[in-house]
Amino acid sequence: MPKASSFPIIQVIGYKNSGKTTMVNRLIRYASDHNIKTASLKHHGHQDSLTPIHAGTDSYTHKESGAFITGVEGGGSLQLEFGEDIDVSLDQLIKIYESFSPGLLVVEGYKQEVHPKIVMIRKEADLELITTVSNIKAIIRWNAQLENPSEDIPVFELEHIDDHLAELIYLCKEV
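Its first residue numbered 10, the sequence shown is counted upward by one per residue in my numbering.
Shown next as structure tokens:
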């Protein structure tokens with residue numbers, strides 16, 4: 010069972026090029042248009058690292074001096090950098106977000122986490138994902154010709170998804 014937070018969390022998961030970012034953007038836009046203070050978090054699941062804090066900056070020298078976390082804030086942006094030996098969990102990141110009181114957090118990725126999920130299915134081979142993750146609340150498939158992967162989980166067609174955004178958010182809210 011997911012750890013309780015003071016706001017709903019929706020995970021959008023799927024394989025590469027399955028439409029995750031597009032779906033996340035649609036959910037954010039819908040929620041924001043309906044005055045829901047919406048936050049987002051994307052898991053960077055690629056081999057390459059994120060751009061680090063630049064060498065020669067004050068915050069870089071903090072890291073070089075031994076700080077296990079360094080941060081830079083200004084102009085509406087915040088960049089945190091953790092030491093290479095630190096694995097930051099989704100739950101730890103959620104606690105940071107919680108301090109800003111969002112009405113909704115939309116998370117892209119983190120397939121193995123426990124929060125309510127929308128699974129993006131682009132092709133037949135993607136269907137196996139449904140058997141490997143938990144807490145699926147909705148499935149969005151690109152093609153109505155694809156097999157209906159579940160009788161227990163609502164399945165939506167991508168081409169009509171804008172008509173179902175409110176329903177998707179409702180399905181993913183923990184009761």
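Glycine residues also receive a C-beta, built at the ideal position from the N, C-alpha and C atoms.
In this structure, DSSP gives Ala40 a helical state, which the three-state scheme calls helix.
Under DSSP, Gly65 forms no beta bridge with any residue.
Residue state for Ile149 is assigned as strand, using DSSP reduced to three classes.
Going by DSSP, Ile105 is part of the alpha helix (DSSP H) stretching over 99-107. The continuous alpha helix (DSSP H) containing Glu176 extends over residues 174-181.
Residue range 47-51 is occupied by the beta strand (DSSP E) that includes Leu50. The shortest C-alpha to C-alpha distance from Ser49 to any of Leu114, Gln121, Glu168, Pro163 is the one to Leu114. Rounded to the nearest whole angstrom, the CA to CA distance from Gly84 to Leu102 is 21 Å. Residue environment: Ala40 is assigned as buried (16 or more neighbouring CB atoms within 10 Å of its CB, all protein chains considered).
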